[in-house]
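Note that the sequence shown ends on residue 313 in our numbering; no numbers are left out.
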Amino acid sequence: MHRICVGKCVLSIMLMTTKHGYLRKSFLVLFYREGYKKVNVLMKRGKSNHRKDHQTEIEVRALFLDYDGTISPLDVPRSESKVSSENMAILYEISRKIPVAVITTKDLMFVVERTPFAHAWACLGGLEIKIGNVVTRAPCLRKMMQYITAALEYAKSFSGNDLVIEEKRDSDGVVVAFSVDWRQSVDRHRAEEFVSKIISYCETLSVSLIRYEGQPFFDIFPCPINKGNALLELKQRLGLRNGILYMGDSIVDNPAFEVADIAVGVIHKETPDDLVCDYFIKFEDVTMFLQNLLENCFRFSPKIAPILRRYIR
């Protein structure tokens, strides 16, 4: 355990190993009204007993999924984002037999209507959770509103042909987070100049900024998100003990991979190289994998097609 003092705050960092026996490079960025401090922790190689390799079949008792890049395409405008008809059909079949949940950085208003097969949703990275008609939210969603409002107003001053600002709302319709996206920019250089200014401004506020290495978008939340904690809360509230299979495609999915019983990374052209999952599957093969899992009576095996044991882009 390492403790790093930053102003009046103390950050405790636990060095964690992955199931492949490698300690991974990770970094945390802390933001304060007075400024920010970047803590870069370089992990070294070592042995790990994090998770036993699954040489035999294991029963899947619940399926937890990311949304963008996992069951829906990533490189489409927000208005065109949806689950394919093939994925929708098989996920409906699966949801009749085991619990299915979605864990995403999208908001409830966006994702619930697009994933009607799910029993539960952890949206905004777990800051707001919906099970049935019951919705719970993290206190920081409202406590930090003044900083989100300031950051959003500044970001909007640059929006237009080169930047798209996606507002993220809580279940009451209040904007509590947002994304800045320049994938469809006409002038990439001009867009990146705007992005640099927005990031610099946000770093002066008490907000949590999530950057995706090499990707033309970032998220601003009122407080840190953790999909691993969201998975554990859903697991507890759904009365599950084990057998959780989690599928995701980005670094924000790593905490969920770490606590899932089976971790499957989804590969597409924007998938990073540092996913800490047990197995991989190509985005175009997700439907086949889910169909085979269903036909195998939810007995997961590394031999189920089209599972890959290593990252092949």
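Even glycine gets a Cβ: it sits at the ideal position worked out from N, Cα and C.
Who does residue i pair with in a DSSP beta bridge?
i, result
"S72", "D68"
"L308", "F280"
"A120", "A101 and I131"
"Y246", "F64 and A263"
"E59", "R299"
"S84", "In DSSP, S84 forms no bridge with anything."
"I220", "F178 and L209"
Just to confirm my understanding: we take residue i, look at its own chain, exclude 5 residues before and 5 after, and list those with CB closer than 7 Å. What are they?
i, result
"E57", "R299, F300 and S301"
"I198", "Y154, A155, F158 and V180"
"I94", "L63, V100, L290 and L294"
"R309", "Y279 and P302"
"L232", "V259"
"C277", "F257, A263, V264 and G265"
"E59", "G243, F298 and R299"
"E213", "P272"
"E86", "T287"
"R169", "D107, M109, V175 and V176"
Going by the CB atoms, is the gap between residue j and residue i shorter than 9 Å?
i, j, result
"V264", "M247", "yes"
"C123", "I131", "no"
"G126", "I225", "yes"
"S250", "L209", "no"
"S171", "M109", "yes"
"T115", "I71", "yes"
"L65", "Y147", "no"
"R211", "D75", "no"
Below 6 Å CB to CB, which residues in the same chain sit around residue i once its five sequence neighbours on both sides are set aside?
i, result
"I267", "F280 and K282"
"N161", "V186"
"C5", "Interpretation of C5 is limited by its pLDDT of 40, a score under 50 that renders its predicted location unreliable; no figure is taken from the coordinates."
Leaving aside the five residues before and after residue i along the sequence, list all residues of the same chain whose C-beta is less than 8 Å from its C-beta, in chain order.
i, result
"L152", "I165, E167, V175, F178 and I220"
"N229", "G126 and P255"
"C140", "L127, P222 and C223"
Taking its Cβ as the centre, do 16 or more other Cβ atoms sit within 10 Å of residue i, making it buried, or is it exposed?
i, result
"P255", "buried"
"A138", "buried"
"D107", "buried"
"A305", "exposed"
"V102", "buried"
"K352", "Only positions 1 to 313 of the chain appear in this structure, which leaves residue 352 out of reach."
Would you list, in sequence order, the uninterrupted alpha helix (DSSP H) runs of no fewer than 4 residues that lie entirely inside the segment 128-203? 140-143, 145-156 and 188-202
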